[in-house]
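Here is the structure we will look at.
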Amino acid sequence: MGVILIDLLTSGTISTVHYCDTLTKLKSVIRRQRSSLLSRGVLVLDDNSRFHTARDTKEHVRRLGWESLDPITAPILPHQTSTFFLQ
1171 MGVILIDLLT
1181 SGTISTVHYC
1191 DTLTKLKSVI
1201 RRQRSSLLSR
1211 GVLVLDDNSR
1221 FHTARDTKEH
1231 VRRLGWESLD
1241 PITAPILPHQ
1251 TSTFFLQ
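Mapped onto the working numbering, the consecutive letters of the sequence shown carry residue numbers 1171 to 1257.
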């Protein structure tokens, strides 16, 4: 499948607004490049960073029609800031 979106930031500069904007951009890229996969659903696994657990971020993920997995109950995976799975 490969990488479809890279968003590089200086350490410590991400905010809830930027993260939500990036999720919206990701949905648009998936729709353009792999639309058949988008209909199968997206699972978002976030680490325990403060901006990921913000209520606004979780609500934005829900509005996108995606499911957010809690890192505590999710399968053990190598540490990453965010992982997106197309179901």
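Ideal Cβ positions, reconstructed from N, Cα and C, are used throughout, including at glycine.
| Asked | Found |
| --- | --- |
| CB of Val1214 within 8 Å of CB of Glu1237, strictly | yes |
| Buried versus exposed call for Leu1178 [16 or more other C-beta atoms within 10 Å across all chains shown] | exposed |
| Backbone CA spacing between Thr1186 and Ala1224 [nearest angstrom] | 7 Å |
| Straight-line gap, Gln1257 to Leu1239 (C-alpha atoms, nearest Å) | Low local confidence applies: a pLDDT of 47 at Gln1257 is under 50, so the model's placement there is unreliable, with the coordinate-based value given in what follows. Going by the C-alpha atoms only, they are around 13 Å apart. |
| 8 Å Cβ cutoff met for Ile1200 and Leu1207 | yes |
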